[in-house]
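Asker:
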Amino acid sequence: MTSLIKLIGVSTTEITGATVLLNNISLHIDHGEIIGLQGRSGAGKTTLLRLFNRLQEASQGSIFYDGKALTKYPIQQLRQEIVLVPQEPKLLGMTVEESLIYPLELQKVSKTECQRRRIRACDIWEIPSDWLDRNELQLSVGQRQLVTIVRATMLSPRILLLDEPTAALDPALAQRVLTQLKLINQENGTTMVMVNHTPEYLENFCQRIFTLCQGELEQETTLKNS
3 MTSLIKLIGV STTEITGATV LLNNISLHID HGEIIGLQGR SGAGKTTLLR
53 LFNRLQEASQ GSIFYDGKAL TKYPIQQLRQ EIVLVPQEPK LLGMTVEESL
103 IYPLELQKVS KTECQRRRIR ACDIWEIPSD WLDRNELQLS VGQRQLVTIV
153 RATMLSPRIL LLDEPTAALD PALAQRVLTQ LKLINQENGT TMVMVNHTPE
203 YLENFCQRIF TLCQGELEQE TTLKNS
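For the sequence shown, our numbering assigns the number 3 to the initial residue and increments by one for each residue that follows.
1) DSSP three-state call for residue 149: helix, strand or coil?
2) Report yes if the C-beta distance between residue 40 and residue 197 is below 9 Å; otherwise report no.
3) Given that a residue counts as buried once 16 or more other Cβ atoms are within 10 Å of its Cβ, and exposed if not, what is residue 172?
4) Using CA atoms only, rank isn't needed, just tell me which of 53, 54, 156, 179 is closest to residue 100.
5) So, for residue 154: in the same chain, excluding its five sequence neighbours on each side, which residues have a beta-carbon less than 7 Å away from its beta-carbon?
6) Please tell me whether residue 49 and residue 14 are closer than 9 Å, where the distance is taken between their beta carbons.
7) Can you give me the start and stop residues for the alpha helix (DSSP H) that residue 101 sits inside?
8) Taking the C-alpha atoms as reference points, what is the distance between residue 220 and residue 214?
9) Using 8 Å as the cut-off, can you tell me whether the region 18 to 35 makes contact with the region 49 to 65, which would need three or more C-beta pairs spanning the two stretches below that distance?
10) Is the CB-CB distance between residue 82 and residue 109 below 9 Å?
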């Protein structure tokens, strides 16, 4: 079976070309897998995530998505199917309800479907009803991060890229978020790639872990979850 994502000899540099961010990375990610990325700050984890939906471009090598060169896909389609949850929550200056449905509206999803997805997501993720009319700026950092994660899952992407999704969450909420993400993976077959600095979360959540060091793929570990 064709891998969902495949990288062959991929390197990328800063815009000036002076600093190598990733060097000769080759890996594959299969349909429905949950992959972890670990390594010290500056190892290239976020850069690798951003390559998957072309928020950053490779300077060398090849990237394939579902058997076709990544560059052959329209950017809009690619970013609808491969969604990034950034480490810093992206605030839209809206109420929580407006923020949750705005990306769906950009995709021309009907108002009825937007509300159906919003109601279901708030139920699944246990979003309090009194949050909906509040501006995102009134939420705590952890609450904003949760809203960002929920908003991404409402898009029903094929691949969900998670950059430190639990960094701003207390341990109890972090575990609840990871449990719900795993359920989404199991029910929908959503492929997930997660950067996380907590080894326990990676080991319990992922099927394989790639360890990066100074822009190079240092180690691949297969876990009992696979």
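Backbone N, C-alpha and C fix where the C-beta goes; we use that ideal spot for every residue, glycine too.
Answerer: From the atom records:
1) helix
2) yes
3) exposed
4) Looking at the Cα atoms, 156 is the closest of the given residues.
5) Result list for residue 154: 85, 87, 162, in chain order.
6) yes
7) 98 to 108
8) Each residue's Cα considered, the two are about 5 Å apart.
9) Verdict: yes, contact present.
10) In this structure, residue 109 lies closer than 9 Å to residue 82 by Cβ.
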